[in-house]
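To keep things clear, I will list the structure first and then write my remarks on it.
Residue numbers (the numbering used here), protein chains in the order written: chain E, 31 to 420; chain V, 31 to 420.
Printed below as a string of C-alpha cells:
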C-alpha cells in the first residue's frame, strides 16, 4: 500500500511520516519492508525462542531486551468466538508488542531516552521497556488518567508530566527537538505512528495462525487503528510467504463517540478527523485515523463498526462472567462481533482481540468496601438476596 | 511426608485435613497421590495442550474449564536470577493455578458454589474460575482490602461480603455448613489448605524444569507456604519419575512482621502460630503455618528467611526498573535471595517466584496526578531536575 517505489534506509527510523509524499493535509506513514525471500522456510512450523524473539526474521532488529512479551493465549467464549487475551502481556496490554519494537528503534538510533504521550497503557509499557533498556523515559499524560493507571504510569520510574490534553503533542515535539529523545508515539497531525510499532502487533497474526490457522474474521478495538493494521500486515505476510492460503476480514471496532475510521471509509478518504463525545472507552477515543488501517480494512473486505458504551458494557460484563476481566475499551472487539453477526455469517473461527486488563478502567479504585454485620442472620439475608439458598 | 499408610478416596475431596491423625492442636493436611507408574514417559519432552491441561496426567481431574493459566515466562534480571512472572496468569497471580484445581474439586463434588476468605488475589481468582464453571461464589473479605483490589474482587460477579477479619473463618465454616458450597480456602485452625491447591502450584516446577532444568534454589514468597510446598512437590515428583536427577533447595521468604515458618523450623515443630505486626506485604502476613511447607523446606535443605518491608521495597523498586511491576508481597522472593547470597553461594540457576502484579498494592489508586504548567521553561526545569539534559 502507499507508494512502494519510495524507499528509505532503516536507520535512522523516520518518525514523522514520509518526507516525500506527505502534504499539509495528510502525513503518510512509512512502513518497514523485508526481503521475504530470505525468511527461513520453516519459521511457522518450528519457531524457537520466547516472546517476539520467536519471530525475529520478520521483525526489525530487537535490540532492546525483551520481557517475554506476546505468546498470549486464545480463550474460547460462549459467543463461539476466541478471545486473544492481550492482558497476559508483561504490562498487561498489547502495547508491549509495539514498545519492544519502538524502544529497539530508540536504542538503535542511539537516543538517550524516549518520550511518549499516553493516557495509560502505552505510556506504562514504554516506560517498562525503556528502563529495562537503560533509557530514560518521559510520559506526557493528562489529568483524566484514572487512579490505578496513575500508579501504573509511575511504577517504572519514568518522568510523568500531567499536562492539559491539547498541550501533549506540541510538548512531545518540543521535547524531541530539545533533548534528542526518540518519540515512541505519533508526532504528526494525522496519524502516522511509529514505523516499528505495527511490526510488533503483527506477531498477533502469527500467533493466531500457528494456533488456529487463518480465522474468518478478526475484530479489533481501534483508536488510531495501528493494532488492526499490524494484525492485517501479519496475515498479509503469511499469504505472501505462501504459508497461508487466505486472509481474514478485518473489523475495526470504534467507540460510537467518535469513529474516524468509519468516517474515512464512508467518505472514501484516506484519513479523517472527527469530533469526539464522552465515552468510558477513553483509551480508544481518537479524533483522527491513520491511512494504513483504512486501507487494511478495505483490502481485507472488512468494515468499521461503531460500538456504543452500552454495547461495550454488556461485552465487558459477559467477558467477566467468562472469567476474563478487561477494561471497557478492550471489549470493543466482542461488542463489534455481536453487531456484525446480526448482519452476516462467518464461515470459520472468529477472533476478538481483548487488549488490556480491567485494572485500567476509570472507576477502578474508587469503590469503597461496605462492611457487613457478620452475624449469621444478616449474612444469610445477603446470600439469599443474591439467590443463594440457605 | 505425613503418614503414607492412611489413604482416602479422591471423592469427595476432604477439606478439613486428615480425620484420622488431626488433633485439637494441629490439623494435618491430606495430599493427592498418583499412580506414578502410569505417567506417560515422554510427558516432559513433548507435552501438548495449553495451561494446566498440559500436565493433566499428574493433576487431579480438571473438570472446571480453564483460562489457559500457567505457562508463565522466566525473565532474567541483573541479580543473576530468573523471575518466574506469575503476574502473567489469567487474573494476574499464581492463585489461578490453585483455583483451576480447587474449582474442579467443587464441580466434581457436585457443589452449587464455592466460598473463599481472601484479601485479594485468591478471592478474585476463585471468583473467575467459579463463574467460568457456572458456579456461584461467595468471597469473605475485610475492610483493609486496597481500593483497586476492591474493584478486582467484584469484577467477576461474586457475592463479596466485607466483614471484620476475625469473623471470616467462622463465617466461612458456617456458609459451608448452611449452603453446601465448597470451601476453596482453608477451614482449619492450623493451616491445611485445600488438598487440590498445591497440585496446581506444582506445575510451576514442571515449567521451570522444561525451560531451565533443575535450579539450585527456588525463593518463594510465603504466607501459609502452600505455594512453596506445591513447587517442592513438583520437583520431588520429577526426581521420583527419574526425569530429574536432583531437587532444588527451597527458601521460604516471609515478612519479618510475622514468620510462622521460620518459627516452626527454629523450634523444631510441625507448625506454629505467631503474632503479626504491620507490614505492607498484607497478602502474605500469616499468623499460622502449615505442616507441609515446613517439611518441604527441611527435606530440600532450604531455609525460612525473614524479609522486612525495606528489603521488599528495594526489591520491588529494582524489579520495576527491570520492567517488572509487582505488588510488594510478590517481591519477597528476590528480597530473600539477596539475603541468602550474602551468606552462601548457589551452584546453578536461581529462580525467584514473583506472584502477582503491582496493581494489588495498598497505595495503588490513591495518588492524584499533579498538573504541570505546560510552558516550555517550566517543563524544562522538570526534565532537568530529573537529570535530563535540555
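Yeah, the Cβ is synthetic: ideal placement off N, Cα and C, and Gly gets one too.
Can you confirm whether residue 420 (chain V), when its beta carbon is compared against all beta carbons of chain E, has any partner nearer than 8 Å? Walking along the second chain from the start, residue 420 (chain V) turns up at place 390. Yes, contact with chain E.
Do the region 127-145 of chain E and the region 244-251 of chain E meet, that is, are 3 or more Cβ pairs less than 8 Å apart? no
Quick one, which of E:87, E:93, E:122 and E:94 has its alpha-carbon nearest residue 102 (chain E)'s? Taking the first chain and counting its residues from 1, one reaches residue 102 (chain E) at position 72. Among E:87, E:93, E:122 and E:94, the Cα nearest to that of residue 102 (chain E) is on E:122.
Could you give the C-beta distance for residue 281 (chain E) and residue 335 (chain E), rounded to a whole number, given that I count them as a contact under 8 Å? Translated into positions along the first chain, residue 281 (chain E) becomes position 251. Translated into positions along the first chain, residue 335 (chain E) becomes position 305. Right, their Cβ atoms sit about 6 Å apart.
Does the CB of residue 31 (chain V) have a neighbour CB from chain E at under 8 Å? Taking the first residue of the second chain as position 1, residue 31 (chain V) is located at position 1. Per-residue confidence for residue 31 (chain V) stands at a pLDDT of 45, beneath the threshold of 50, marking its modelled position as unreliable; the derived number appears in the next sentence. Closer than 8 Å: no.
Out of E:347, E:55 and E:63, which one is the CA nearest neighbour of residue 34 (chain E)? Indexing the first chain from 1 puts residue 34 (chain E) at position 4. Residue 34 (chain E) has its Cα closest to that of E:63, out of E:347, E:55 and E:63.
Taking C-beta pairs closer than 7 Å, name the residues in chain V that residue 159 (chain E) reaches, listed in chain order. For the purposes of this step, residue 159 (chain E) is taken as residue 129 along the first chain, with counting starting at 1. Simply 353.
Beta carbon of residue 185 (chain E), beta carbon of residue 156 (chain E): below 8 Å? As a position in the first chain, residue 185 (chain E) is number 155, starting the count at 1. As a position in the first chain, residue 156 (chain E) is number 126, starting the count at 1. Taking 8 Å as the Cβ cut-off, residue 185 (chain E) and residue 156 (chain E) do not qualify as a contacting pair.
Going by DSSP, which residues form a beta bridge with residue 224 (chain E)? Your numbering for residue 224 (chain E) matches position 194 in the first chain. DSSP, once it has assigned bridges, lists no residue as partnering residue 224 (chain E).
Considering residue 333 (chain V), what are the terminal residues of the beta strand (DSSP E) in which it resides? Numbered from 1 along the second chain, position 303 holds the residue referred to as residue 333 (chain V). Unbroken beta strand (DSSP E) run through residue 333 (chain V): 333-337.
Does DSSP put residue 212 (chain E) in a helix, in a strand, or in coil? Within the first chain, the letter at position 182 stands for residue 212 (chain E). The answer is strand: DSSP assigns residue 212 (chain E) an E or B state.
According to DSSP, simplified to helix, strand and coil, what is residue 168 (chain V)? As a first step, residue 168 (chain V) is located in the second chain; it is residue number 138 there, counting from the start. Residue state, collapsed to three classes: strand.
Leaving out five residues before and five after residue 173 (chain V) in sequence, what residues of the same chain have Cβ atoms less than 7 Å from its Cβ? As a working note, residue 173 (chain V) is residue 143 in the second chain. Excluding positions up to five away in sequence, the list reads 192.
Alpha carbon to alpha carbon, how far is residue 287 (chain E) from residue 309 (chain E)? Give it in angstroms, no decimals. Here residue 309 (chain E) corresponds to residue number 279 of the first chain, with the count starting at 1. Here residue 287 (chain E) corresponds to residue number 257 of the first chain, with the count starting at 1. One C-alpha to the other measures close to 6 Å.
Cross-chain neighbours of residue 397 (chain E) in chain V, by beta carbon under 9 Å: As a first step, residue 397 (chain E) is located in the first chain; it is residue number 367 there, counting from the start. In chain order: 177, 180, 181 and 184.
I need the straight-line Cα distance from residue 133 (chain E) to residue 408 (chain E), nearest angstrom please. For the purposes of this step, residue 133 (chain E) is taken as residue 103 along the first chain, with counting starting at 1. For the purposes of this step, residue 408 (chain E) is taken as residue 378 along the first chain, with counting starting at 1. Straight-line Cα distance between these residues: approximately 55 Å.
Pop quiz: residue 268 (chain V) and residue 235 (chain V) are said to be a contact at Cβ under 8 Å. What is the actual Cβ separation, rounded to whole angstroms? For the purposes of this step, residue 268 (chain V) is taken as residue 238 along the second chain, with counting starting at 1. For the purposes of this step, residue 235 (chain V) is taken as residue 205 along the second chain, with counting starting at 1. Indeed, because the Cβ distance is near 7 Å, the residues count as touching under 8 Å.
Could you tell me whether the Cβ atoms of residue 351 (chain V) and residue 138 (chain E) are closer together than 8 Å? Residue 351 (chain V) sits at position 321 when you count from the first residue of the second chain. Residue 138 (chain E) sits at position 108 when you count from the first residue of the first chain. Not closer than 8 Å, so no.
Between the C-alpha atoms of residue 181 (chain E) and residue 169 (chain V), what's the straight-line distance to the nearest angstrom? Position 151 of the first chain holds residue 181 (chain E). Position 139 of the second chain holds residue 169 (chain V). Cα to Cα, the separation comes out at about 26 Å.
Closest Cβ-Cβ distance between residue 122 (chain E) and chain V: below 8 Å? Here the question's residue 122 (chain E) lines up with position 92 in the first chain. By this cut-off, residue 122 (chain E) is an interface position.
Output, in sequence order along the chain, the residues in the region 206-230 of chain E whose CB is closer than 7 Å to any CB in chain V. 208 and 209
Residue 422 (chain E) classed as buried or exposed, judged by whether at least 16 other C-beta atoms fall within 10 angstroms: The structure shown does not extend to residue 422 (chain E), since chain E is modelled only from 31 through 420, so no value can be given for it.
Among V:107, V:99 and V:59, which has the Cα closest to the Cα of residue 95 (chain E)? For the purposes of this step, residue 95 (chain E) is taken as residue 65 along the first chain, with counting starting at 1. With distances taken between Cα atoms, residue 95 (chain E) lies closest to V:107.
Which residues in chain E have a C-beta closer than 8 Å to the C-beta of residue 412 (chain V)? List them in chain order. Indexing the second chain from 1 puts residue 412 (chain V) at position 382. Those within 8 Å of residue 412 (chain V) in chain E are 189 and 191.
Residue 404 (chain E) touches chain V at which residues, Cβ-Cβ below 7 Å? Within the first chain, residue 404 (chain E) is the residue found at index 374, counting from 1. Correct list: 193, 194, 197 and 201.
Name the DSSP beta bridge partners of residue 283 (chain E), please? The residue you call residue 283 (chain E) lines up with position 253 of the first chain. DSSP lists E:251 and E:335 as partners of residue 283 (chain E).
Contact set for residue 217 (chain E): own chain, Cβ-Cβ below 8 Å, skip 5 residues either direction: Reading the first chain from its first residue, position 187 is the one you call residue 217 (chain E). If we look at residue 217 (chain E) and ignore the five residues flanking it on each side, its Cβ neighbours are 45, 46, 199, 202, 203 and 206.
Residues of chain E with CB closer than 8 Å to the CB of residue 331 (chain V), please, in chain order. Here residue 331 (chain V) refers to the residue found at position 301 of the second chain. Simply none; closest approach about 30 Å.
Cβ-based contacts, 8 Å cut-off: residues of the region 40-57 of chain E near chain V: none
Beta-carbon of residue 409 (chain V) versus every beta-carbon of chain E: anything under 8 Å? Stepping through the second chain from its first residue, residue 409 (chain V) is reached at position 379. With 8 Å as the cut-off, residue 409 (chain V) counts as an interface residue toward chain E.
Own chain, CB closer than 7 Å to residue 356 (chain V), minus 5 neighbours either side, in chain order: One-based indexing of the second chain puts residue 356 (chain V) at position 326. The residues are 117, 346, 349, 384, 386, 387 and 388.
Boundaries of the alpha helix (DSSP H) in which residue 133 (chain V) is found, first to last residue: Counting from 1 along the second chain, the entry for residue 133 (chain V) is found at position 103. Per DSSP, residue 133 (chain V) belongs to the alpha helix (DSSP H) from 125-138.
Which first and last residues belong to the beta strand (DSSP E) in which residue 384 (chain V) is found? Within the second chain, the letter at position 354 stands for residue 384 (chain V). Run containing residue 384 (chain V): 380-384, per the beta strand (DSSP E) assignment.
Less than 6 Å between C-beta atoms, sequence neighbours within five positions excluded: which residues of the same chain meet that for residue 31 (chain E)? Within the first chain, numbered from 1, the residue matching residue 31 (chain E) stands at position 1. With a pLDDT of only 45 at residue 31 (chain E), under 50, the local geometry of the prediction cannot be trusted, and the value read off the model is given with reservation. These residues qualify, in order along the chain: 325.
Closer than 8 Å by beta-carbon distance: list the chain E residues that pair up with residue 130 (chain V), in chain order. In the second chain, counting from the first residue as 1, residue 130 (chain V) sits at position 100. Simply none; closest approach about 10 Å.
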